[in-house]
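Written out below as structure tokens is the structure these notes cover.
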Amino acid sequence: MLQRAMELNPKEPTLMYMLGTWCYQVADLTWYQRKIASVIFGEPPSSSFEEALKYFETAEEIDPNFYSQNLLMLGKTYLKLNQKELATKYLKMALEYPAKNEDDRDAKQEAHKLLKKF
Numbered sequence: 000m001l002q003r004a005m006e007l008n009p010k011e012p013t014l015m016y017m018l019g020t021w022c023y024q025v026a027d028l029t030w031y032q033r034k035i036a037s038v039i040f041g042e043p044p045s046s047s048f049e050e051a052l053k054y055f056e057t058a059e060e061i062d063p064n065f066y067s068q069n070l071l072m073l074g075k076t077y078l079k080l081n082q083k084e085l086a087t088k089y090l091k092m093a094l095e096y097p098a099k100n101e102d103d104r105d106a107k108q109e110a111h112k113l114l115k116k117f
């Protein structure tokens, strides 16, 4: 469904963010979660952090700083890819993003926790 929506509106940053989030979550599945998914689905979905990063970066290219959660996910994805400088850059951006709603506050809080770790 998201893929079809993206085909219809490829310049929608929220769709790119959603696809990136899906890819990140699938790439981050543990071995036992994959095993359970294979029992349910036959073959579990697959993705990578690189694929997630592509979607998050595309969302930022379309509409820079449009969503604090996208900045946070860029930071988290770069962390997964062991690119700490870029992770720090985006986590700081998420931390400095004006908190207008609960999503923004959550992004700030998680970015703060992650930055404290390194």
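In terms of numbering that gives the first Met the number 0, the sequence shown opens at residue 0 and continues consecutively. C-beta: ideal position from N, C-alpha, C; glycine also.
Remark: fewer than three beta-carbon pairs, one from each stretch, lie closer than 8 Å, so the segment 97-109 and the segment 81-89 are not flagged as touching. By the Cβ-count criterion, VAL38 is exposed, with fewer than 16 other Cβ atoms from all chains shown falling within 10 Å of its own Cβ. Boundaries for LYS10: no alpha helix (DSSP H) harbours it, and the DSSP string shows neither H nor E there. When Cβ pairs closer than 8 Å are counted between the two stretches, the segment 75-82 is seen not to touch the segment 33-47, the count staying below three. In this structure, PRO97 keeps its C-beta atom at 7 Å or more from the C-beta atom of ILE61.
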